[in-house]
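A quick write-up on the structure given underneath.
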Amino acid sequence: MAPNDKARMKNEHLTSSRSWKFATVACVAAGALMSFAAVANAEPEPTKEEVEERIEELLQESSTLVQEYNEAQEYHDAVEAKLDEADGQIDSEEERYEELRSKVVELASASYQSNDPDSVTAALFVDDPSQIYEQSADLSYLSEARRLELEAFAESDARLGALKTDAAEAYEEAAEQLEELDQRKEEVEESLAEQEELLATFEGENPTAGGESPTGPAPTYTGSASGDARTAVEFAYSKIGTPYLWGGTGPNGYDCSGLTQASWAAAGVSISRTTYTQYNMPNTVGWEDIQPGDILFFFPDLGHNGLYVGNGLMVHAPSSGKTVSEVRLADYWAQHFVGARRP
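Using mature numbering (1 follows the signal peptide of the UniProt record, and there is no 0), the letters of the sequence shown correspond one by one to residues -42 to -1, 1 to 301.
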C-alpha cells in the first residue's frame, strides 16, 4: 500500500474515533441533563396532612353532589309524573273526541238540509282534533251549544298538546342533569379512592372519614329516648353496617338524608328527601338543646346530616365505600355543625 494511502486511512480512523467519542460524551451529557431536569421539575410527594385535607375536600364535594343528585332525581320524578298525567289527559280527551265525532255522524243526514253538506263529511275524517276548531264555524246548522262544545274540545286538545311538549322537554332536561351529576360523582369517587389509597401508604394509617370505626358488631340502642324519637333512633341503629348508596333510601343502602328520612318514616313521620329541604323544617334546635332523634346538619352547604342518638353520638350514612355507622360528634363533626332540626 502506498504511504499516502496509509496516511489517509490513519487520518480517517482518528477522525471517526474522535467523532464516536464526542457523540458518546454528548449523549451521556444530554441524558444527565434530562435526568436533572426531570428531577428538578418533579412535583414533591404530598404530605399526610395534605392528603387528609384533600380527602376531606372530596368528601364534602361528594356529599354536596349527592344532595344535588337527590334534588335532580325528585325533579325528574315529578316531571315524569307530569308527563304521564298529560298523556292520560290527552287520551281522555281523544276518547271524548271520538264520542263527539260519532254524534256528528248521527247528524250527517242533516247536512243535506244545509247549503254546505260537505262540512259534516269533512269533520268525520279529521285526524287532528285541533282542526275541528277551524271547521266548526262551517257547521252552522248545529246548535250553538254543540258548536261551542266542539270548539272547547279543540282548544283543550291544543293546550294538552303544548303541555305534553313542555313536559317532554323538561323530562329530557332532567335526565341530562342526572347524567351529568352521575358523571361528576364518578370522577369524585375515583379521586377519593386514589387519595385514600395514598393515605394508606403512610404507616399505620387506616383512612376512615370523620373518625368513625365501622368495624365490629352493630350496637343496640339503650338510651332514654321515647315515643317517635325512640322508634326513629332504633331504626337507625338497625341499619348500622348497611352500605352507603348514592341516592339510596333503603332498604339495601342509604345516603345521609335517605337514612334520616327512613328513620323517621319508621316512626310514622313523613319528612322531605334532601338535606336542604330537611333543614327547612320549622323546629330549630341549638347545639346545647339537641335530643335523641334530632337531625344534625354539617358544613355550610348542608352537604351532610345524621341522626343524633344521645351521649354525644350520631348514627349516619357517611360516604361511598363505607357503611352506616355510629360516630362520636366531638372534634371533627362538632366543628362542622351548622344546625339541628326536630321533626
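All C-beta atoms in this analysis are idealised placements derived from N, C-alpha and C, irrespective of residue type, glycine included.
Between the CA atoms of residue j and residue i - distance to the nearest angstrom
i           : j           : result
residue 263 : residue 30  : 19 Å
residue 222 : residue 189 : 8 Å
residue 115 : residue 51  : 7 Å
residue 288 : residue 7   : 20 Å
residue 111 : residue 128 : 25 Å
residue 301 : residue 186 : 10 Å
residue 153 : residue 14  : 10 Å
residue 160 : residue 10  : 11 Å
residue 150 : residue 198 : 23 Å
residue 213 : residue 207 : 7 Å
residue 225 : residue 157 : 40 Å
residue 138 : residue 131 : 11 Å
residue 219 : residue 106 : 51 Å
residue 2   : residue 12  : 16 Å
residue 309 : residue 37  : Given that the chain is displayed from residue -42 to residue 301, the structure contains no residue 309 and the question cannot be resolved.
residue 136 : residue 32  : 10 Å
residue 253 : residue 39  : 30 Å
residue 215 : residue 176 : 20 Å
residue 234 : residue 209 : 22 Å
residue 363 : residue 117 : A question about residue 363 goes unanswered here, because the residues of the chain that appear run from -42 up to 301.
residue 155 : residue 205 : 25 Å
residue 169 : residue 290 : Residue confidence for residue 169 is low, a pLDDT of 43 falling below 50, so the modelled location carries little weight; the figure read from the coordinates is stated next. In a straight line, the C-alpha of residue 169 is about 7 Å away from that of residue 290.
residue 17  : residue 49  : 47 Å
residue 227 : residue 5   : 47 Å
Buried or exposed (CB count within 10 angstroms, at least 16 for buried), residue i
i           : result
residue 123 : exposed
residue 141 : exposed
residue 193 : buried
residue 35  : exposed
residue 298 : buried
residue 28  : buried
residue 277 : buried
residue 293 : exposed
residue 245 : exposed
residue -15 : Because the pLDDT at residue -15 is just 39, under 50, the model does not fix this residue reliably, and the point stays unresolved.
residue 184 : exposed
Integer Cβ distance of residue i from residue j, believed to fall under 8 Å
i           : j           : result
residue 251 : residue 265 : 7 Å
residue 296 : residue 260 : 7 Å
residue 20  : residue 147 : 7 Å
residue 181 : residue 269 : 7 Å
residue 257 : residue 237 : Their Cβ separation, rounded to whole angstroms, is 11 Å, which puts residue 257 and residue 237 out of contact at 8 Å.
residue 200 : residue 282 : 5 Å
residue 120 : residue 41  : About 13 Å separates the two Cβ atoms, so there is no contact after all.
Beta-carbon gap between residue i and residue j smaller than 8 Å
i           : j           : result
residue 232 : residue 47  : no
residue 195 : residue 273 : yes
residue 143 : residue 217 : no
residue 239 : residue 248 : no
residue 133 : residue 202 : no
residue 267 : residue 191 : yes
Three-state class that DSSP yields for residue i in the structure shown
i           : result
residue 263 : strand
residue 22  : helix
residue 9   : helix
residue 111 : helix
residue 231 : coil
residue 142 : helix
residue 297 : strand
residue 237 : helix
residue 282 : coil
residue 48  : helix
residue 150 : helix
residue 287 : coil
residue 185 : helix
residue 268 : strand
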